[in-house]
Structure formats: structure tokens, C-alpha cells
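Every position in the sequence shown, counted from 1, becomes a number in the numbering used here once 4 is added.
All C-beta atoms, glycine included, are put in the ideal place defined by N, C-alpha and C.
These figures come from a predicted structure and were not determined experimentally.
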Amino acid sequence: MIRTRFAPSPTGYLHVGGARTALFSFLYARKHGGQFVLRIEDTDVERSTKESEKSLMEDLKWLGFDWDEGPDKGGEYGPYRQSERIKIYQEYAQKLVDEGKAYYVYAEAEELEKLREELISKSQAPHYTREMLQSLLSPEEVEERKNAGKKPAIYFAMDRKERILKDLVKGDVRFGEDSMGDFALLRSNGLPTYNFAVVIDDALMKITHVIRGDDHLSNTVKQIALYEALGFDIPQFAHLSTILGPDRSRLSKRHGSTSVEEYRKRGYLPQAMVNYLALLGWSHPQLKELIDFDELIREFDLDRVSKNPAVYDEKKLTWMNGQYIRKLSNEEFYEYAKSFVVPTLFNEEEYVTNKKWIMLALESVKTEVETLSELPEKLSVYFEEPAVNLKLKKALEKSGVIMAFKSLRDAYESLNEWKIESILDVTRKVLKDSKVKGKEFYHPLREILTGKDSGPDLVNLIFLLGRENVVSRLRKFLEG
Ligand code: GLU
5 MIRTRFAPSP TGYLHVGGAR TALFSFLYAR KHGGQFVLRI EDTDVERSTK ESEKSLMEDL
65 KWLGFDWDEG PDKGGEYGPY RQSERIKIYQ EYAQKLVDEG KAYYVYAEAE ELEKLREELI
125 SKSQAPHYTR EMLQSLLSPE EVEERKNAGK KPAIYFAMDR KERILKDLVK GDVRFGEDSM
185 GDFALLRSNG LPTYNFAVVI DDALMKITHV IRGDDHLSNT VKQIALYEAL GFDIPQFAHL
245 STILGPDRSR LSKRHGSTSV EEYRKRGYLP QAMVNYLALL GWSHPQLKEL IDFDELIREF
305 DLDRVSKNPA VYDEKKLTWM NGQYIRKLSN EEFYEYAKSF VVPTLFNEEE YVTNKKWIML
365 ALESVKTEVE TLSELPEKLS VYFEEPAVNL KLKKALEKSG VIMAFKSLRD AYESLNEWKI
425 ESILDVTRKV LKDSKVKGKE FYHPLREILT GKDSGPDLVN LIFLLGRENV VSRLRKFLEG
């Protein structure tokens, strides 16, 4: 059974890079009929917050990555919050100490830092060995600290040898014998380090595939050494390439929005985000670009994940979002649009009671928006009476076309039923009788009614504006 996990640290928002990692882990599990686990890595007590955990989970849910096991759901291998697993880490650290594979270090941070600086000043790599760390203090000093009740950190005695990681994305990655030194498993406060907790958890949670950003590559060799020391099966690793901004530097806030929440607020659809994120490093076998969730699950595999960095292109995401907006059913569009037009254009109650009209109005601007946040502006044609365009009025008077609009006003006023078909018929009839060319009529008509030179289909717009508004806007223009 394939088991993947997403293991965010709740120290901030869900970054698009994190969302991409979560997506690939999710897709890989789903594609292979496996399970996807959410684990919260909150052992950094100072930086972890409950709000961040909550918002990460909300964003993941919004994107549609439903996990099979997690802090909110439980599961066979819980708890799924590292802060609730401290005892487990302590037990395993003790086991390694008992087996002679890890050892106590009573030295303080400053003493370790001094050692580091010394090594660097001698042009040596700052890699600790047991001898180095244990000779920092004399046996008497250790005794003194013990007696003073000071707790030691626990360090892993790294088995130094060359290791080759067969990464599912990067291929063979070689780590030389000297690529790392001993490192802490538990801090003196009893809390685990990332490299230790992640190994214990991935092993005990039976994770088969660890999919994560390649910024963790150098950690992986430490983790493999730990798997070996603990006698655990080593999972497969897939390290995803960095995401770059358009200027080819690592994607950061400087390049614009980088948080999923921000995109949600800016009117992006989860479907579009997911599709776009999937293409950050992965490609469809037929190089298709618009790929819905089900097809992603069917087609995704790690063998089509690129080693090269992906370049983030918000313009493409925005284009894609427009495509997904067009694909929404009117009912879905109505739901997604709500938070963008309530309470600015409608109050809660109106949004429900005017549902039929709102759905039609939304449909009328569906092809005009790329993000939902453009809706208030696009829908404003229905709510804002435009100022009279005096220049246009003069021109129409001069050419005599103004007469056609007077007839149109009269025709609309006396129209029996305000229906699309009858509006269309009567508008055509007025145009025909006036002998004005279509172009010289429709374009100014839109301008008179909306103050804009483009927008929803004109007859539809007239219908949705309603007789009262249409007649009053025409009248204002003609008489104002
Ligand atoms: N908590 C780690 C992070 O957010 C997880 C890394 C991993 O997937 O192993 O970077």
C-alpha cells in the first residue's frame, strides 16, 4: 500500500510551493489507490501557532486535498501532531543511546558554536564527531552540570560512509563520506529536531514515499543514516525542484502573491490553482494544459516530474482561472461568486431572493472575467447609471441617429412583455425603420445604457437591466 504524507510546519501560511508538494503527494497516493496523511510538524514551539495550523488545513481543504489520516481525523498511526508524540521520540532517542548509536552532550549552545568556529578557522568542515563533542567538557564539568540538574542534548553518532540516494526525481544523488557530521536528535529541553522526528514519524506512520522540496536534499542523507541505525525500512524519496519567479530567482513575496489564501481572496478557483500547480514540474503525457482533478489523478506519476526548476507564471494561472470560470455551471458560479459580491452589491438576503436574476447577470459576464474579484466591476453596469456622454449626444444629434433612440425609448415603454425575444424584435424593428446602420446604432446604445464600449451581450443586458432602468437611462440621455 502506497502511503504519502504532507508534513507542514504551522509557522505561516500555505505557500504555493507547499501546496505543490501537497498536491504531488496527494496525487501520487490517489493515483496508486494509496493513502495520504497530513502530519503537523509543530515541534518548533516558538514559531508554531494554532492559527497557522488552522489556516493550512483550510487551504488544503479548499484545494480539495482530502487526507485519509490527520490531526482532525485520527487514524491508525496517530497522533498526527508532533507535539503530541514527544514521548515516542524520547523513547527512540534513548534506545539509540542504549545501543551506543547516540550519546549525551552537556555542552551549551555557545560552546558548540565556539567549536564550529574553530573548525572553520582551521579550514575544516564544521562537522562534529563524538570525540569533539565529548572533549568539550571534562568529566568533572559534566558531573557538575548533571548535579545542577542540567539535561543533556542527545546527538546521533553518524555512521560515516558514502551513500547514494536513488531519488525518484533527481536520479542518483551521491553523498560523500564527509558530507555530514553528528547531529542532535533531542535538544536539552527534550524536544526532537526535525531530522529525528521526521524519520520516526515517517517510519512509524508507514510512509512509503516521501515527496518534498529539494531544499531538504541535504537532510535526506542524515535521515537515511537514522533509518539504518534504527533498523527501519527506508522509504522512497522524490525531491521536487525549486519554484522560481519570472526573473529566475527563488519564488518569493517579491514576485507577488505566494500564499494560497491570497489567491483565494483574489478570486482564483481551486480547480485552476490545482491544475496550474500540477504543471509546476509535471507535464501531461500528451502535454495537455487544461486537466481537471480526475484526469490529474489518472495521469499523474513521478516519472514525468522534471528535475529542472519550474518557473512560476501568474499570467498563465490567471488565464487558466478564466478558463475554469467558463467551465462552472451557473449554480457553481453563483456559489463561488458570493463572497465577492456580498455585501458590496447585494446583502445576504438579496443574494438568496434574487438568485434567478443574479445567476443570469453572472452568466452575462462569465466570459469577461479571469478572476472572481473582477465581478463587482463587471456587474456594475447593472447598478450604476452612467453619466450622459455629451460628446456622443452631440454627434448623434448631428447625424440624426438620435431619432432612432427616441423611437426606441417609446417602443420599450409600450412593449407588452419584457422578454428577450420581444426586446430583440422591437429593437430590430426600430433599427430597420430608422434606416440607420447597425454599427451606428448598437454601439452608441451600449454606451448610452452603460457608459462602456463593451460588456455583456446587448439584448441580454437590456433584458436584465429591466424596463424601468433602460427607459430611464435612455430618457436621461435624450432629455438630460
Ligand atoms: N516540516 C517540514 C517542512 O515544512 C517537512 C519536510 C518534509 O517533508 O520532510 O519543511
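- Message: Closer than 6 Å between the C-beta and any heavy atom of ligand 1: which residues qualify, listed along the chain?
- Response: 11, 12, 13, 45, 202, 216 and 220
- Item | Reduced DSSP secondary structure (H/G/I, E/B, other) of residue 217 | Along the sequence shown, read from residue 1 onward, the residue named residue 217 stands at position 213. Strand, per DSSP.
- May I have a chain-ordered list of the alpha helix (DSSP H) segments no shorter than 4 residues that lie completely inside the segment 401-426? 406-417
- Task: Report yes if the CB atom of residue 385 is closer than 8 Å to the CB atom of residue 478, and no otherwise.
- Result: Taking the sequence shown and counting its residues from 1, the one referred to as residue 385 is at position 381. Taking the sequence shown and counting its residues from 1, the one referred to as residue 478 is at position 474. No. Outside cutoff.
- Taking C-beta to C-beta, are residue 68 and residue 315 nearer than 8 Å? Position 64 of the sequence shown, counted from the start, is the residue given in the question as residue 68. Position 311 of the sequence shown, counted from the start, is the residue given in the question as residue 315. For residue 68 and residue 315, no; Cβs fall outside 8 Å.
- Message: Taking the alpha-carbon of residue 229 as reference, which of 241, 154, 175 and 167 has the nearest alpha-carbon?
- Response: Taking the first residue of the sequence shown as 1, we reach residue 229 at position 225. Comparing Cα-Cα distances from residue 229 to each of 241, 154, 175 and 167, the minimum goes to 167.
- Might you give, ordered along the chain, the residues of its own chain that have their beta carbon closer than 8 Å to the beta carbon of residue 387, omitting 5 neighbours on each side? Your numbering for residue 387 matches position 383 in the sequence shown. Cβ neighbours of residue 387 beyond the five flanking positions: 349.
- Item | Any 3 or more C-beta pairs closer than 8 Å across the segment 195-207 and the segment 78-98 | yes
- What do you reckon, is the C-beta of residue 288 under 7 Å from a heavy atom of ligand 2? This structure does not include ligand 2; its bound ligands are ligand 1.
- Message: Using 8 Å as the threshold, is the C-beta distance between residue 283 and residue 293 below it?
- Response: Here residue 283 refers to the residue found at position 279 of the sequence shown. Here residue 293 refers to the residue found at position 289 of the sequence shown. The answer is yes: Cβ separation under 8 Å.
- Of all the CB atoms in chain D, is at least one closer than 8 Å to the CB of residue 427? Looking for chain D here will not work: only one protein chain is present.
- If we ignore side chains and look at the alpha-carbon of each, how far apart do residue 450 and residue 390 end up? The residue you call residue 450 lines up with position 446 of the sequence shown. The residue you call residue 390 lines up with position 386 of the sequence shown. Distance between the alpha carbons of residue 450 and residue 390 is about 11 Å.
- Query: Is residue 107 helix, strand or coil by DSSP?
  - Reply: The residue given as residue 107 occupies position 103 in the sequence shown. Three-state DSSP puts residue 107 in a strand.
- State buried or exposed for residue 47, treating a residue as buried only when at least 16 other CB atoms are found within 10 Å of its CB. On the sequence shown, position 43 is the one that residue 47 refers to. Its Cβ being crowded by 16 or more others within 10 Å, residue 47 is buried.
- How is the alpha helix (DSSP H) around residue 267 delimited, first residue to last? Residue 267 sits at position 263 when you count from the first residue of the sequence shown. Its alpha helix (DSSP H) spans residues 264-269.
- Query: Are three or more beta carbon pairs between the segment 316-327 and the segment 244-262 nearer than 8 Å?
  - Reply: The segment 316-327 vs the segment 244-262: in contact.
- Message: Taking the alpha-carbon of residue 330 as reference, which of 296, 346 and 370 has the nearest alpha-carbon?
- Response: One-based indexing of the sequence shown puts residue 330 at position 326. Minimum Cα distance to residue 330 is reached at 370.
- Query: Applying the criterion that 16 or more other CB atoms from any shown protein chain within 10 Å of the CB defines a buried residue, is residue 237 buried or exposed?
  - Reply: Looking up residue 237 in the sequence shown gives position 233. Exposed, since its Cβ has fewer than 16 Cβ neighbours within 10 Å.
- Give a yes or no on whether the C-beta atoms belonging to residue 220 and residue 173 are separated by under 8 Å. Sequence index remark: in the sequence shown, residue 220 carries index 216 (1-based). Sequence index remark: in the sequence shown, residue 173 carries index 169 (1-based). The Cβ-Cβ distance between residue 220 and residue 173 does not fall below 8 Å.
- Are residue 209 and residue 34 closer than 8 Å when you measure CB to CB? Mapped onto the sequence shown, residue 209 falls at position 205. Mapped onto the sequence shown, residue 34 falls at position 30. Result no, Cβ atoms of residue 209 and residue 34 do not sit closer than 8 Å.
- Query: Name the DSSP bridge partner or partners of residue 428?
  - Reply: Reading the sequence shown from its first residue, position 424 is the one you call residue 428. Looking at the DSSP assignment, residue 428 forms no beta bridge with any residue, so it has no partner.
- How about residue 217 and residue 21: do their beta carbons lie closer than 8 Å? Position 213 of the sequence shown, counted from the start, is the residue given in the question as residue 217. Position 17 of the sequence shown, counted from the start, is the residue given in the question as residue 21. In contact: residue 217 and residue 21 (Cβ atoms closer than 8 Å).
- Message: Starting from residue 8, trace the beta strand (DSSP E) in both directions and tell me its first and last residue.
- Response: In the sequence shown, residue 8 corresponds to position 4, counting from 1. Segment 7-10, the beta strand (DSSP E) holding residue 8.
- Query: Could you give the uninterrupted runs of the alpha helix (DSSP H) lying entirely in the segment 115-170, keeping only those of 4 residues or more?
  - Reply: DSSP runs (the alpha helix (DSSP H)) wholly in the segment 115-170: 134-138 and 143-151.
- Message: Classify residue 226: buried if its beta carbon has 16 or more other beta carbons within 10 angstroms, exposed otherwise.
- Response: By one-based count along the sequence shown, residue 226 stands at place 222. Buried: at least 16 other Cβ atoms inside 10 Å.
- Message: I'd like to check one pair, residue 106 with residue 113: are the Cβ atoms closer than 8 Å?
- Response: What you label residue 113 is simply residue 109 of the sequence shown in a count that begins at 1. What you label residue 106 is simply residue 102 of the sequence shown in a count that begins at 1. Contact: no.
- residue 4 versus residue 291: straight-line alpha-carbon distance, rounded: A query on residue 4 cannot be resolved here, the shown segment of the chain reaching from 5 to 484 and no further.
- Item | Which of helix, strand or coil DSSP assigns to residue 206 | The residue given as residue 206 occupies position 202 in the sequence shown. If DSSP states are grouped into helix, strand and coil, residue 206 belongs with the helices.
- Message: Taking 8 Å as the threshold (C-beta atoms), are residue 275 and residue 305 in contact?
- Response: Working through the sequence shown from its first residue, we reach residue 305 at position 301. Working through the sequence shown from its first residue, we reach residue 275 at position 271. Taking C-beta atoms as the reference points, residue 305 and residue 275 fail to come closer than 8 Å.
- Task: Give the DSSP bridge partners of residue 236, in chain order.
- Result: Here residue 236 refers to the residue found at position 232 of the sequence shown. Paired residue(s): none; residue 236 is not in a bridge.
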